[in-house]
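Just so we're aligned: the sequence shown equals residues 14 to 295 in the working numbering.
Here a beta-carbon is modelled for each residue, glycine too, at the ideal position from N, C-alpha and C.
As the structure is a computational prediction, the values presented were derived from the model and not from experiment.
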Amino acid sequence: MNSIIIKVDVDTFNGLENGVPKLIKVFDEFNIKATFYVTLGPDNSGKAIVNLLKPSFLKKMLKTKATSSYGFKTALYGTILKPPILAWLKDNLLKIQSMGHEVEFHAYDHRLWQDKIYNLSYTDIKDWFEKGISAYFSIYKKYPKSFGAPGWVCSQKALNYIKGLKFIKFLSLSRADTPFIEETTQLVEIPSNLPCLEENPKDFTDVADKAINKTKNGVLPVHAEIEGGPFIDKFIKLLNLIKSNTNFLTMNEYFLELDKKNLNVRKFESKILPGRAFSCLV
Numbered sequence: 014m015n016s017i018i019i020k021v022d023v024d025t026f027n028g029l030e031n032g033v034p035k036l037i038k039v040f041d042e043f044n045i046k047a048t049f050y051v052t053l054g055p056d057n058s059g060k061a062i063v064n065l066l067k068p069s070f071l072k073k074m075l076k077t078k079a080t081s082s083y084g085f086k087t088a089l090y091g092t093i094l095k096p097p098i099l100a101w102l103k104d105n106l107l108k109i110q111s112m113g114h115e116v117e118f119h120a121y122d123h124r125l126w127q128d129k130i131y132n133l134s135y136t137d138i139k140d141w142f143e144k145g146i147s148a149y150f151s152i153y154k155k156y157p158k159s160f161g162a163p164g165w166v167c168s169q170k171a172l173n174y175i176k177g178l179k180f181i182k183f184l185s186l187s188r189a190d191t192p193f194i195e196e197t198t199q200l201v202e203i204p205s206n207l208p209c210l211e212e213n214p215k216d217f218t219d220v221a222d223k224a225i226n227k228t229k230n231g232v233l234p235v236h237a238e239i240e241g242g243p244f245i246d247k248f249i250k251l252l253n254l255i256k257s258n259t260n261f262l263t264m265n266e267y268f269l270e271l272d273k274k275n276l277n278v279r280k281f282e283s284k285i286l287p288g289r290a291f292s293c294l295v
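Written out as structure tokens, the structure reads:
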């Protein structure tokens, strides 16, 4: 029996405030332990409005019911409205851990990374990580073991910085098909190698089929704003379809059981995947 690892990205204040509690309840009902990658800094989601000029991004927003997913206020954060800080919701962040789930580091300012990572200087990247890791440590009293990049994008400058973070044991930055050793950091990369529900929202059974029939273990990418929002019923149906054929692991459990000596060593590549508006690392 193959294993499924559920990786939950928490990108926005709305996702942490409303989506996370709903997902925790669902996971409790299914007796599943997931891994949450949390954003801890300002929610500048409103700055994504410039992306509406790109037809593929607009199509994605319409397909995923963005207003109901992220909330109307979220669309104004960082523009008309002052961005709230996700670390303010400390009780929600601590509840993830207290319910037995893993919590790893996703972002400080999610929007800044996703939109500008390839233009950020090494100093900018260092500042971004220091603020995010400091917030993580202040809440959990420990350092994260893993980093999962926003938008599945990362620059060479960022990889050079990550290489020096001795507490990071593995990465989850890409949509590659299988784990490998990332060349610059020499860290294990555990990719999100199953499709998101939002990439084919009309046919969630496609995700189930790929999860059940995958010849190797699969990491299922979930977003607190989507599966913990308007897609929650589809997500529950998906779990019902795959639960009897699946052994669920956390990211750290999967990392520990990997045969690291036989993983390929390579660099990231970039590719536009079906259902995504921008290129992802693979």
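Name the residue from the options whose alpha carbon lies nearest to the alpha carbon of residue i.
{"i": "residue 43", "options": "267, 149, 248 and 295", "result": "248"}
{"i": "residue 282", "options": "243, 274 and 189", "result": "189"}
{"i": "residue 199", "options": "16, 128 and 278", "result": "278"}
{"i": "residue 241", "options": "145, 211, 94 and 263", "result": "211"}
{"i": "residue 154", "options": "107, 49, 288 and 280", "result": "107"}
{"i": "residue 50", "options": "263, 293, 222 and 132", "result": "263"}
{"i": "residue 147", "options": "166, 178, 128 and 125", "result": "178"}
{"i": "residue 265", "options": "245, 118, 170 and 40", "result": "118"}
{"i": "residue 99", "options": "135, 218 and 144", "result": "144"}
{"i": "residue 186", "options": "174, 196 and 166", "result": "166"}
{"i": "residue 53", "options": "268, 45, 30 and 285", "result": "30"}
{"i": "residue 297", "options": "170, 162 and 236", "result": "With the chain represented from 14 up to 295, any question about residue 297 goes unanswered, as that position is not in the structure."}
{"i": "residue 104", "options": "25, 136 and 152", "result": "152"}
{"i": "residue 272", "options": "227, 191, 286 and 197", "result": "191"}
{"i": "residue 243", "options": "19, 32 and 26", "result": "32"}
{"i": "residue 130", "options": "115, 176, 164 and 116", "result": "164"}
{"i": "residue 291", "options": "216, 110 and 128", "result": "128"}
{"i": "residue 136", "options": "114, 201, 175 and 55", "result": "175"}
{"i": "residue 213", "options": "55, 258, 289 and 115", "result": "289"}
{"i": "residue 253", "options": "267, 150, 286 and 218", "result": "218"}
{"i": "residue 149", "options": "116, 258 and 125", "result": "116"}
{"i": "residue 126", "options": "201, 55, 223 and 286", "result": "55"}
{"i": "residue 267", "options": "258, 257, 201 and 287", "result": "201"}
Are residue i and residue j close, meaning C-beta to C-beta below 9 Å?
{"i": "residue 205", "j": "residue 123", "result": "no"}
{"i": "residue 37", "j": "residue 207", "result": "no"}
{"i": "residue 168", "j": "residue 184", "result": "no"}
{"i": "residue 345", "j": "residue 172", "result": "Residue 345 is absent from the structure shown; the chain starts at 14 and stops at 295."}
{"i": "residue 28", "j": "residue 238", "result": "yes"}
{"i": "residue 225", "j": "residue 181", "result": "no"}
{"i": "residue 112", "j": "residue 40", "result": "yes"}
{"i": "residue 48", "j": "residue 23", "result": "no"}
{"i": "residue 170", "j": "residue 203", "result": "no"}
{"i": "residue 15", "j": "residue 230", "result": "yes"}
{"i": "residue 280", "j": "residue 293", "result": "no"}
{"i": "residue 141", "j": "residue 121", "result": "yes"}
{"i": "residue 245", "j": "residue 35", "result": "yes"}
{"i": "residue 235", "j": "residue 209", "result": "yes"}
{"i": "residue 109", "j": "residue 261", "result": "no"}
According to DSSP, what are the bridge partners of residue i?
{"i": "residue 218", "result": "Partner(s): none; residue 218 has no beta bridge."}
{"i": "residue 120", "result": "52"}
{"i": "residue 115", "result": "48"}
{"i": "residue 279", "result": "195"}
{"i": "residue 274", "result": "Paired residue(s): none; residue 274 is not in a bridge."}
{"i": "residue 129", "result": "In the DSSP output, where bridge partners are listed per residue, residue 129 has none listed."}
{"i": "residue 284", "result": "293"}
Could you spell out where the beta strand (DSSP E) holding residue i opens and where it closes?
{"i": "residue 48", "result": "48-52"}
{"i": "residue 19", "result": "16-23"}
Where do the N-terminal and C-terminal ends of the alpha helix (DSSP H) with residue i fall, by residue?
{"i": "residue 312", "result": "Past the boundaries of the shown model lies residue 312; the chain is included only from 14 to 295, so the question cannot be answered."}
{"i": "residue 97", "result": "Counting along the chain, residue 97 falls outside any alpha helix (DSSP H), and DSSP gives it neither H nor E."}
{"i": "residue 40", "result": "33-43"}
Length-filtered (3 minimum) beta strand (DSSP E) runs lying within the segment 186-263: Segments of the beta strand (DSSP E) lying fully in the segment 186-263: 193-195, 231-236 and 260-262.
Can you list the alpha helix (DSSP H) stretches of 4 or more residues lying completely in the segment 143-191, in chain order? Scanning the segment 143-191 for uninterrupted alpha helix (DSSP H) segments of 4 residues or longer gives 169-175, listed from N- to C-terminal end.
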